[in-house]
Amino acid sequence: YAAATGFLIAWTALQFFTLVAPPFTFARENVGAARSQGIELEVAAVPVERLRLDATLSLTDTEYDGFVLQRLDPDTFQPISDDISGNRLANAPGRTAFFGAEWRQPVGGPIDGGAALVLRGEVRNVGGFFTDIQTDLRQDAYTVINARLGFETQRASAFFWIQNLTDARYLIYGAPDTSFTRRSVIAPPRTLGVTLRLRR
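Here the sequence shown is numbered in the working numbering, starting from 514 and rising by one per residue.
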């Protein structure tokens, strides 16, 4: 299986909090435009029996256009225009790549209802991006590895899993405006768990 998707998104009259009456009166107003365009590729294959491979690649180009915010100069407290035209969209990595491999080893016989041992590994790479429209807070490219091992039948499953195997430190999201403060959400550290399921 293989698929490719192209996209182009254009926004006009984007709204943002901007200074409307000095010194401290802000309101949500139309302040500019933006675009996002790119391509997404997806491949799934079974090269040999019991082995499944999955891979995706997303390439995205984004930009603000004619986007001007009214702000206060932090030193003089005088109104200034903050033109962010040409900056990349906040929290929008230019590249996201994923690769997964799963091996299923049947155990028992037909009476066991398709029981199998399952081993799966996943690698996700995310390109660097800015979390804010002013491009003051940057998250560098990072890679996350997940894995799981378990036993599965048609009616039940038990899996031991690890997320963020290498304990990578990265931001999931950051507030898109750093004019006043910086707020962000950091990813969970290495996490281990067990999942049990019973189907009726």
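Using N, Cα and C, we set each Cβ at its ideal position, and we do this for glycine too. Since this is a predicted model, take the numbers as computed values, not measurements.
Give me the residue from the options with the minimum Cα distance to residue i.
| i | options | result |
| --- | --- | --- |
| residue 515 | 560, 568, 547 | 568 |
| residue 666 | 709, 675, 651, 681 | 709 |
| residue 524 | 693, 556, 577 | 577 |
| residue 606 | 695, 550, 587 | 550 |
| residue 706 | 588, 680, 675 | 675 |
| residue 619 | 563, 604, 591 | 563 |
| residue 547 | 596, 589, 556 | 596 |
| residue 555 | 566, 561, 570, 642 | 570 |
| residue 644 | 681, 598, 700, 695 | 695 |
| residue 609 | 559, 640, 535 | 640 |
| residue 561 | 586, 611, 617 | 617 |
| residue 537 | 615, 693, 713 | 693 |
| residue 681 | 671, 673, 534, 700 | 700 |
Would you give the residue range spanned by the beta strand (DSSP E) that residue i belongs to?
| i | result |
| --- | --- |
| residue 528 | 515 to 534 |
| residue 600 | First-last for residue 600: undefined, no H or E at that position. |
| residue 709 | 704 to 711 |
| residue 640 | No beta strand (DSSP E) contains residue 640, which DSSP labels as neither H nor E. |
| residue 647 | That residue, residue 647, is in no beta strand (DSSP E); it is neither H nor E in DSSP. |
| residue 539 | 538 to 561 |
| residue 686 | 684 to 687 |
| residue 660 | 655 to 665 |
| residue 697 | 697 to 699 |
Please check the pair residue i and residue j, which I expect to be a contact at CB under 8 Å, by giving their CB distance rounded to whole angstroms.
| i | j | result |
| --- | --- | --- |
| residue 584 | residue 613 | In fact, because the Cβ distance is near 44 Å, the residues do not count as touching under 8 Å. |
| residue 711 | residue 668 | 7 Å |
| residue 594 | residue 579 | Going by Cβ atoms, the distance from residue 594 to residue 579 rounds to 12 Å, so no, they are not a contact pair. |
Look at residue i and residue j and say whether their C-beta atoms are less than 7 Å apart.
| i | j | result |
| --- | --- | --- |
| residue 575 | residue 601 | yes |
| residue 683 | residue 698 | no |
| residue 689 | residue 646 | yes |
| residue 656 | residue 677 | no |
| residue 653 | residue 691 | no |
| residue 532 | residue 592 | yes |
| residue 553 | residue 518 | yes |
Problem set entry | Sufficient close CB pairs (3 or more, under 8 Å) joining the segment 542 to 549 to the segment 523 to 533 | yes
Problem set entry | Contact the segment 634 to 645 vs the segment 659 to 677: 3+ CB pairs below 8 Å | Touching, yes.
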